[in-house]
Structures are given as structure tokens and as C-alpha cells.
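Numbering (our numbering), first residue to last: -1 to 195.
By construction, the Cβ of each residue, glycine as well, lies at the ideal position given by its N, Cα and C atoms.
Below you can see the structure in the form of C-alpha cells.
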């Protein structure tokens, strides 16, 4: 479901993915990358439509993407720089009797910096891919935008019709299949032609 109707909490629209039979507790890194790109699609569309200007409208999606990226890196061990460990468990000295770990604090300054850098890199890469998708599909962007202006939301079969028109650029497949959080080997191809070295 896509909507341009305001929500509580300051979001002016949202992307909703309903739970399905396929949803499960396990989330593979390729699925996580795909979800991040989806969540950042609204921000990417704003950047393209408004020539680089962005608003606060993507607040909810950015919060959800940041939470997902943070958990992938700091809790689920899906980051090559951090490795397969839970930062909160490590920083608290292990798991307590309840099975949980205490939140980490000031004494883990170095790890905080590393995690923040990795989260930022992952989110910037997902946004770069979302921008590639938006730029590769101007007709869908314009048509869907006009549809949302008229109807305020699109979901179900109608949304599926729009999604079938989307052309997936190479960058999407590379990011989805990558175990890397960064597209830095790809970054050159993601830049506008006039800024490439």
C-alpha cells in the first residue's frame, strides 16, 4: 500500500507492506536490502521530482529503514565490518537471566562510531539504488504520482499493475545480491555523468 495521506507522528505518507504467509522471523540479507530500497523509494522520488529538494514527508519510512539497518548491523550480525556478533550483548557483558542484553552506553564509543558509519553506508547505498530505479522509470513515476494525487492511496491489484511496469536497473540486482553493505565499487556508476571522474 502506498499513501499520501498524513499519518500521526509527522509522516505525510507511508509505505505499508502487509504481513503475508511468506513473512517469517528469518530475514535474509538480500530481502533486507530489498526492503531498505523500498522504504527509501519515497525519498528518492522526492529527490527526482523536486530536483534534489526533499521534505519531511518520508519521516516514517526513514525511521523504519534506519531501525532495520541498525538491527542488521548491530544485532543480527549481517555486517562484514562488525562481523557475526550482537553489539548489545557484547557491550553488556553477555545475556542476562531474562535472555536480553542491556542497551550499550558511553564506554563503547568506538563501536558506536563504527555502527553509525555502517548504518549510514547501508542506507546511502539503498537510497542510491532507489534513485536508480526512480530515474529508470519516469513514466511510472509520473503516472503513479498523478494517480496518488487523485486517489490519495493505491494498494492491492491496482498497485501490482503499477509495479509490473517498473524496469529494474542493474544496480538493484547487484545491491540485493551483495553481501556488502556498501555500493562503493558501484558508486561511480550511480553518480550523474557530469560528476564522474
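Among the options, the one whose alpha carbon lies nearest that of residue i
i	options	result
residue 27	82, 158, 90 and 139	82
residue 134	43, 89 and 32	43
residue 141	117, 122, 34 and 157	157
residue 163	148, 109, 150 and 136	136
residue 66	114, 147, 150 and 159	114
One or two residues paired with residue i in a DSSP bridge
i	result
residue 149	None, per the DSSP bridge assignment.
Buried or exposed (CB count within 10 angstroms, at least 16 for buried), residue i
i	result
residue 171	exposed
residue 104	The predicted position of residue 104 is uncertain, since its pLDDT is 47 and thus under 50; a value taken from the coordinates is nonetheless stated next. Residue 104 is exposed by the Cβ-count criterion.
residue 169	buried
residue 3	exposed
residue 12	In this predicted model, residue 12 has a pLDDT of only 49, less than 50, meaning its place in the structure is not dependable enough to derive any value.
residue 111	exposed
residue 58	buried
residue 144	exposed
residue 123	buried
N- and C-terminal bounds of the alpha helix (DSSP H) containing residue i
i	result
residue 61	57 to 68
residue 27	27 to 37
residue 171	168 to 175
residue 87	85 to 90
Proximity of residue i and residue j at Cβ, strictly below 8 Å
i	j	result
residue 46	residue 132	yes
residue 0	residue 152	yes
residue 40	residue 56	yes
residue 88	residue 30	no
residue 70	residue 86	no
residue 35	residue 128	yes
residue 117	residue 74	no
residue 25	residue 63	no
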